[in-house]
Structures are given as structure tokens and as C-alpha cells.
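Peer 1: Attaching a single structure in C-alpha cells format; questions to follow.
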Amino acid sequence: MTALLQVEGLVTEYSGREGRLRAVDGVDFSLARGEVLGLVGESGSGKSVTGLSIMGLVDAPGRVAGGSVKFDGRELVGLAEEDLRRLRGKRIAMIFQDPMMTLNPVLSIETQMLETVLAHDAVPRAEARRRAIEALGLVGIASPEERLRQYPHQFSGGMRQRVVIAIALLHRPDVIIADEPTTALDVTVQGQILYEMQRLVRETGAALLWITHDLAVVAGLADRVAVMYAGRIVEQGSAAEVLDAPLHPYTRGLLDSVPAANAAGGRLRQIPGMTPSLAHLPPGCAFRERCGHADGACSSVPEITLRAARQVRCHHPL
Amino acid sequence: MPVYVLRRLAQTLLVLFVTSALVFGGLYLVGDPVEILVNPQADQEERARTAAALGLDRPALEQYGIFLKGAFTGDLGKSFVFGRPALQVILERMPATLELAFLAMLMSLGLGIPLGLYAGLRPHGFAARTIMAGSILGFSLPTFWVGLLLIMVFAVQLGWLPSTGRGPTTELLGLQISILTWEGLRYALLPALNLALFKLSLIIRLTRAQVREQSLLDYMRFARAKGLPRRRVIGVHLLKNILIPLITVIGLELGSVIAFAVVTETIFAWPGMGKLVIDSIFQLDRPVVVAYLLVTVFMFILINLLVDLLYSLLDPRVRISEAKG
Amino acid sequence: MSAVLPATVPAPQTPFRRFLEEFFDSKLATLGFALLAAIVLVALFAPFIAPHNPYDLAKLDLMDSRLAPGEQGLGGASYVLGTDGQGRDMLSAILYGLRVSLYVGVVSGIIALTLGALTGVLAAYAGGRVEQFVMRVVDIQLGFPAILVALILLAVLGRGVDKIIIALVCVQWAYYARTARSAALVERGKEYIEAARGLGLSGTRIVLRHLLPNALPPLIVVGTVQVAHAIALEATLSFLGLGLPSTEPSLGLLIANGYEYLMSGRYWISFYPGLALLATILAINLVGDQLRDVLNPRLAK
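Residue numbers (the numbering used here), protein chains in the order written: chain A, 1150 to 1467; chain B, 1447 to 1771; chain C, 1424 to 1724.
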């Protein structure tokens, strides 16, 4: 199966006082039709910037400085803004973390949905409205016609995220990039949204790039997992394998710090040290200062090594 | 909603009452209008007659009482200088000031919002930096001095525009308006520009700050992620969010423009309320000064009320909380 | 959004040095600061720098009146910026005028800041009806344009340096009160204030040691802007004939005096004092602008 979305050597830089910082530093992954890929990392690891880079939504002072993003065989890096716009929301949709902030507070849901339809398809308003109502019904919003007239603040957090998802689904996109869409929600609502997303991608056949810091979410949702640290993917493979037997010490550390993975009453393990600032990364392997296996070899940047269908970027894989 | 309006009205009355008492009391202490009004050679008897005619021979409290009683029936006293009801004198001059304020607001908004938008959207560009530096300059320019410079350059040196006075007026809805004809507008351009400069800088800075703040919010990113054209992202999503806080400021600034017209009208000899009140202060024409204040205070409160209503019309969040409250 | 870059760890240095470094990072602000320093120095030492004493009426020569910049007077005296209607040397008059303008602006600013900050902080500390009442008064006062309030006050008070300072304080205190109160409110909500109250620390101590110092940065920012405003306002009022008496000509009065000569092309009598006024206000605003950016944590990236 050829990849629908192929990311190769993606580099995104931010220029600031400390000079140019690489938020994304040579990221490779691919996404097949109907596949769910979990992109996991702590805040600051560059996972969100990766999502924005694919969409061409990186704002100054940041910019995509290198690499390639191929969507359905077409190169997106360096594509004209108008061509990118035609893809955004139409074939690649993105949803964000906080549904309170994602919807425009002063525009009605109707306005925000209809404009999305009309931005890509020249259809009559009545038709756009019909599609909006259908999409709202799809994500499980009751009496959608009535809800359409309302404003974001009249919805609860979970309902808002459903509206956002409905907007993302309006054009039945091939790829949905979901940047921590459940993080800001209550735990019970999180479960519902996760379930809906899973159902919807299956029904619509969309591929899903799920960006999260939460391994537990990924475990139930993703086919494959890519773990990011300090702008690089350090491990990639099928969800079952990566989560069962991680190869990278960082993945191990992440798994160990999930409370559910620890026996009740046992000491919660955590990764020593703090996420390093991009301006002060240690040379070589970025994780080595926090890693129990680090030695002299780690002062050089480890290459990606293949282990069957898995990839790992470590001098001393577990 | 009606409760809210009623409360505001009650507050208005209180503020008007306090203002009138303070100003009346204050002005009573200042000088003797009779001295200015009568011929310097006038004898004691004539002075007394003038004072009695104006009601100035009575005790202060009684004078204020008479004023208050009149005020409730819309009578704010007779101007010592014009010998006509003070309110009438003010209202005659009001259209001139309002059209000047309106034109100035139009200039500062029409230029300020686009410039601020631009500077906010491309904050690091040369043009944006120039705009911002210009706005600091505009902020620092003493209005009256700029007025003099404008007269010097455009009226005296270049001779393009008339320097002082108001142009011919046409009647619109019973009001004498001068800016509807080109000839009248020519007279209004320099004073309006003078009045607009400071506000222009303010609007630019406010708009830019709002753009910068709102641009970082996720709804802007989501609007782009939906594939909306740039003009819709900025023209609808961003602009509507920016306008809401701007409306409040614009309301306040309209009031301040009306007040600041005092300076501009003096420089350009524009026959509005501002020029009138300055003259009245020097001529100790107490009723006109008090009436001017009450009228402007009333206008400010009216503007604020309108702003609040407009605000709730634009912002759906306010609409709902009002309905609940 | 986790996309935001992690905060960079600054090199260890004192907060004040960091403040200075950030402040002088902007060329415009540095220029403003230098300009302001120069203006303050010139104003302070005006009696030593000024070529003539503009207050000494005996030295004025009406024959030398309305001389253009650079022209020589009858007595051989030269006037770099010309003379005014009474033969006063404009340069000297401007230097002395700067003194008056700065004095009025700064003194009224300090008094207003003290009064306003105390009112605001005490209101925040007291809370309840007292706070409501004070803030209501502040709101109402801020609803009136400053120029209007000052105009009426001066109409009542009359002219004079003390009178205009009173008027400016009356106009400005509310800004400080509002700023101080909102800063103090943020602080009051914090747990350590609760703790301090719980420990039985005296109210005065809490206000003076905790609430007031935290309100200081925003007060300084408001203060610079307000001093610029005060100077502009004083000039405006003096121009209208309501501010300072002509025995102590501030810049506004100098400009007003030149008004009548403007039409006949003798621009310098109004122009140069205005330029000095502009430079002063601009310098303060540049400094204030940068102060706001540096002291405002919300804008710090």
C-alpha cells in the first residue's frame, strides 16, 4: 500500500534571540489510508509543530526549513498558499486541543460550519446547511438544526469538541490531524470523544494522525506509534510492539510513568531531569543526560536503526 | 434589560446633580459677572440693577435652588452675555461640534483600523515599524501646536484650505450641517484632522495590540485549518473579535473628542460648543458654562449607554448573560 | 498547544541588570532615554546655560522684538532661535519653559501617584462597600475627559503653578487608583496574603510590604504615560489662557504668545517651543512604551 501522507526529513525552525532553534529536526513517518498513527511526546517535543508544518500553518518567526511532506503524491512543502488552502479542511483537516478556544466565540455555529463548506464547494447555502446538519448528526449532536443557530458558549466542552470534529468531517477528508483533542476535556467526556473518533475514522475511511502526550490514549486507538523527543522521532513501530516492548529508554520511561502501569502502592517511576530547552540541548543524543544507559557513544547523534518493522534512534536499544 | 436602563438613568441623574452642584458652587466663588457685564463707568445703582436682573443679588443657595427648579423643566438659566436661554445657545452650537467630532472619528477609525491591522499582521516588517513609530509621534504631538502648524502650512503657506471659521451650511433634519458640501467640508478638514491625529495613534495602537493578541488564539488557526481564504479569516474572524473591545474605546474616545474640540475650535475659530465654553469661562457667563457641562455629561452618558447596547449586539456572550440577569 | 518553545533559561544575573539589558535592547527606547536625560539636564541647569534671563524685564529690549532666528539685535546680542514679541530670547525662554513644564508634570505626577496608589491599594485591601464606592468614583471620573475636568477646575481656581498642579492631580489620581487596585487585587487573591492575614500580620504591614510593592511596576508604566499627558495638558491649558500666569511662561504659553505672529510668517515664536514640547513628550513616551513592554509579563515571550 502506498502511503497517503509521506513525511521525510522535515525540519521546522524558529528564529529568536537564541538564534535559530529546531523545533522539528528531521522527522520521517508515513501514514496509509485508513491508518491511525499516534505521535507521542512531552510538551515541547515538537509534535504539535509537526502537525502544523504538515498543514503549512507554521507562523513567523517559525518556518519549515527543510524536508518534504508528500500528500497523495503531491509535495506540500513550498506549495503556493492558495493550493494549500484548497487542501486544508477539504482533504486534510486539523482539530486542536482546546475546544473552548478553537471555535470563534462571536460567530454562530452555523456561520462557522457553512463557511467551511462554501470555502471549498460552490453549493447553494441550503445545501451547505444540509451538510452541516448531517455532520452534526454524525458526531452525535441532538437536534442539530436548533444547535446550528447557537453560539459556542452555549455548548459544553465535550459538545464543542464534537462540533469541531463535525467541522473537520464536513468534506470527508483523507487525513485528520488531531492535536491533543481530548486533553482539555473531562475524563468521561474524553472516553466518549475517543470512541466517536475511532468510529468516525472507520466509517469515513480517513487516516488519523493523533498527537498526544498520553500513552494510554494511544494504546486503545492507534495502529502505529511514533515517539518524539526534542524534535526527533526516537522510536516508531506498531502500537502493540512499541508499548509492550519499547526499544528506546525514553519510551520505557514514558511507559513507566503512566500510573496504570504501576502496581498499586508501588513507587511511581519517573524520568529523571527535565525536558531540555531547545536552546540548551546537549550535543549528541538529546536524551543522554536523562538516560541510565548513556555512555561515551551517546555524544554522537544516533542514526535510525531498523529492527524488523520497527525503527529506533538509540546507540543502546533495550 | 429595562432594569439595567433604569439603573443607568438613575445614576445619570445623580451624576448630573452632583456635577451641577459642584460647578455651580465653584463658579459662584469666582469673580463677579456684573463687573464684566456692565460698563466700567457704571455707577453703583446700575450695577445693582444688573445684578438684580440676573438674579445675582440673591444668596448662593437660593440661586442654586432657582437653577435646580428650572433645570427640571429644561430651563438651565439665561446667558448673562447673550440674554437668551443658555441651553438654546448651547444647542445652536452643538451641530458644529458634533460634525467636527464625527468627521475626526471617521478619519481616525478609517485610517487607524487598517493601519493597526496591517501593523499587527506583519509586526516585524519595515512598514509596521514605521507605522508604530509614527503612532508614538502622533501620541506625543501637542494637539494645539499641530493645529497651528496645519494652519501655517496648509492655509498660510500653501493656501489650499481655509484656516478659520466654518463653511456654508445646509439643513438636514432641522440641523445646520456644513460638511455635506465640498465648500463646507474644506473648512472642516483641517480642524477635523487636527482633532483626529491623537485618536488615530490611539486606534492604531489598540488595533495592533488586539490583532497581536487574537492572532495567537486557536480559533484563528482553526479558521485557517478549515481552508478559509485569508480575507475571510481576517475580515470576519479576526475583525469581529477586534471590533468588540474597540467599540468600548471608541465610545469613550468620542466623548473625549467632543471635549477636546474645545482646543481645536479655539485655534480654528470654529463656532462650536467648545469655543463657546472657553469664551463663557472668560466672560464669567455662569449659566452657559453650567449648561455646557450638563449637556456634555448627558451626552457622554448617552454615548456610553449606546456603546453598551451595541456591545451586547455584537457579542453573543453578553447577550445571553443579559437575558439571564 | 504544546508547540510553544520551552522557555529559555536566562544566564544568571540580577533582575535589575536584566531589566536594563532588556530596556536598552530597543534602539528607539535608548534614543528616547538619551533625549529625556538631555532635556532634564538642560531644564535643570537652564539658568547656567541660557544666554539671557527671560524673566529679567530690565534686560528686555523692545527694539529687539520679533527677530528671526540667527538675526542680531541692536545691542549686538545674537538670538539663535530669534526673539518673541517682547524681545525675549526664544532659546532662553524655551529652556526656562522646559523647567516649568517638567516641574509641573513631575510634581503633579508624584502627588497623584502617591494619592492614587494609596487609595487604590487601600480599596483593594478593604474590599466590600468601600472598594465598590471608591471604584465607582474612579469610573465616573475616568468617564470624563481629562481636559474637561481640568478646564472647569482652573476656571474655578484661577491661574498659578499651584492651581494647575492641583487640577492635574485631580485629573490623574484616578488612573493610578485603578491601576494600583487591579494590581493589588491580583496579589490579594494569592495565598500568601491569606496566610499573612492568618498569621495576624497587621493591615498596614500587608498593605505596605506586600500589596504596594507588587503594584509598583504597573504604576511606573502608568506614571510615565501620565507625566507625558500632564505636560501636554498643562501646555494645552496654558495655551488656552487658563494655566500658568505669563510671569512664568511654560512652553504652552510661549506657543500661545506666538500664535498672533504666525499668520504674518513669524513662525519661530510658536514653532520652537512646540518642538521642545514635542521632544519632551516623545522622549517620555518612548521610555514609557519600552517600560511597558519590559515590565509587562504578559507580553514577555
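The beta carbon of each residue, even a glycine, is placed where N, CA and C say it ideally should be.
1. Less than 7 Å between C-beta atoms, sequence neighbours within five positions excluded: which residues of the same chain meet that for Leu1458/C?
2. Alpha carbon to alpha carbon, how far is Leu1428/C from Arg1351/A?
3. I'd like to know whether the C-beta atoms of Ala1388/A and Ala1371/A end up nearer to each other than 8 Å.
4. If Asp1664/B and Asp1177/A are in contact, beta carbons under 8 Å, what's the gap, nearest whole angstrom?
5. Hey, quick one: how far does the alpha helix (DSSP H) through Ile1727/B stretch, first residue to last?
6. Leaving out five residues before and five after Cys1593/C in sequence, what residues of the same chain have Cβ atoms less than 7 Å from its Cβ?
7. How close, in whole Å, do the beta carbons of Ser1702/B and Ala1642/B come, if the pair is a contact with beta carbons under 8 Å?
8. What are the residues in the segment 1693-1718 of chain C lying within 9 Å of chain B by C-beta distance?
9. Would you mind telling me which residues of chain C sit closer than 8 Å to Met1719/B, beta carbon to beta carbon, in chain order?
10. Between the Cα of Val1383/A and those of Ile1325/A, Phe1436/A and Leu1427/A, spot the shortest distance and give me the residue it belongs to.
11. Please list, in chain order, all residues of the same chain as Glu1294/A whose beta carbon is under 7 Å from its beta carbon, the five residues on each side excluded.
12. What did DSSP end up calling Glu1617/B once you bin it into helix, strand or coil?
13. Using three-state DSSP, classify Arg1459/A as helix, strand or coil.
14. Which residues, in order along the segment 1661-1679 of chain B, keep a beta-carbon less than 9 Å from a beta-carbon of chain A?
15. For a test of the three-state rule: what should DSSP assign to Thr1627/B, helix, strand or coil?
16. Starting from Asp1177/A and walking both ways along the alpha helix (DSSP H), at which residues does that stretch end?
17. So, does the segment 1207-1215 of chain A touch the segment 1293-1307 of chain A, judging by three or more C-beta pairs under 8 Å?
18. Can you list, in chain order, the residues of the segment 1636-1663 of chain C whose Cβ is nearer than 8 Å to any Cβ on chain B?
19. Would you decide whether Val1553/C is buried or exposed? Buried here means 16 or more other CB atoms lie within 10 Å of its CB.
20. Could you give the distance in angstroms between the alpha-carbon of Cys1463/A and the alpha-carbon of His1397/A?
21. Taking the straight line between their C-alpha atoms, what separation do you get for Glu1659/B and Ala1651/C?
22. Run through the segment 1186-1210 of chain A for me and flag every whole beta strand (DSSP E) of 3 or more residues, listed as ranges in chain order.
23. I'd like to confirm the pairing. Which residues does DSSP put opposite Glu1384/A in its beta bridges?
24. From the DSSP output, which residues share a beta bridge with Tyr1163/A?
25. DSSP beta-bridge partners for Leu1154/A?
26. Got a sec: which bits of the segment 1245-1257 of chain A sit with their beta carbon under 8 Å from any beta carbon on chain B, in order along the chain?
27. For Trp1359/A, list the residues DSSP reports as bridge partners.
28. Given a cut-off of 8 Å on the beta-carbon distance, is the pair Phe1245/A and Asp1328/A in contact?
29. Verify the CB distance criterion: does Ser1425/C have a CB-CB separation below 8 Å to chain B?
30. What are the start and end residues of the beta strand (DSSP E) that includes Met1243/A?
31. Going by C-alpha distance, which of Ser1448/A, Val1207/A and Glu1184/A is nearest Gly1195/A?
32. Indicate whether at least one CB of chain B lies closer than 8 Å to the CB of Tyr1682/C.
33. How many whole angstroms separate the CB atoms of Leu1692/B and Gln1656/B, which I take to be in contact at a CB cut-off of 8 Å?
34. Just to confirm my understanding: we take Leu1225/A, look at its own chain, exclude 5 residues before and 5 after, and list those with CB closer than 6 Å. What are they?
35. Grab me the residues of Leu1722/B's own chain with a C-beta within less than 6 Å of its C-beta, minus the 5 sequence neighbours each way, in chain order.
36. Where does Lys1613/C sit, in a helix, a strand or coil, going by DSSP?
Peer 2: Taking the geometry as given:
1. Ala1702 and Ala1706
2. Note that Leu1428/C has pLDDT 44, beneath the 50 cutoff, so the model's placement of it is unreliable and the number below is only indicative. Distance between the alpha carbons of Leu1428/C and Arg1351/A is about 34 Å.
3. Yes. Within cutoff.
4. Contact flag wrong, Cβ pair sits at about 28 Å.
5. Residues Met1719 to Phe1728.
6. Val1572 and Leu1576
7. Contact flag wrong, Cβ pair sits at about 12 Å.
8. Ser1693, Phe1694, Pro1696, Gly1697, Leu1698, Leu1700, Leu1701, Ala1702, Thr1703, Ile1704, Leu1705, Ala1706, Ile1707, Asn1708, Leu1709 and Asp1712
9. Simply none; closest approach about 11 Å.
10. Relative to the Cα of Val1383/A, the nearest Cα in the group Ile1325/A, Phe1436/A and Leu1427/A belongs to Phe1436/A.
11. Ile1282
12. strand
13. strand
14. Ser1661, Leu1662, Leu1663, Asp1664, Tyr1665, Met1666, Arg1667, Phe1668, Ala1669, Arg1670, Ala1671, Lys1672, Gly1673, Leu1674, Pro1675, Arg1676 and Arg1678
15. Reduced to three states, the DSSP call for Thr1627/B is coil.
16. That residue, Asp1177/A, is in no alpha helix (DSSP H); its beta strand (DSSP E) goes Gly1168 to Leu1180.
17. no
18. Ala1651, Ala1655, Ala1658, Thr1659, Phe1662 and Leu1663
19. exposed
20. When rounded, the distance between both Cα atoms is 6 Å.
21. Per the coordinates, the alpha-carbon of Glu1659/B lies some 26 Å from the alpha-carbon of Ala1651/C.
22. none
23. Answer by DSSP bridge pairing, in chain order: Val1376/A and Val1461/A.
24. Leu1170/A and Gly1211/A
25. Leu1180/A and Phe1220/A
26. Phe1245, Gln1246, Asp1247, Met1250, Thr1251, Leu1252, Asn1253, Pro1254, Val1255, Leu1256 and Ser1257
27. Gly1187/A and Ala1327/A
28. yes
29. Residue confidence for Ser1425/C is low, a pLDDT of 40 falling below 50, so the modelled location carries little weight; the figure read from the coordinates is stated next. So no, Ser1425/C is outside the interface.
30. Ile1241 to Ile1244
31. Val1207/A
32. True, the Cβ-Cβ gap to chain B drops below 8 Å.
33. 7 Å
34. Val1218
35. Arg1539
36. coil
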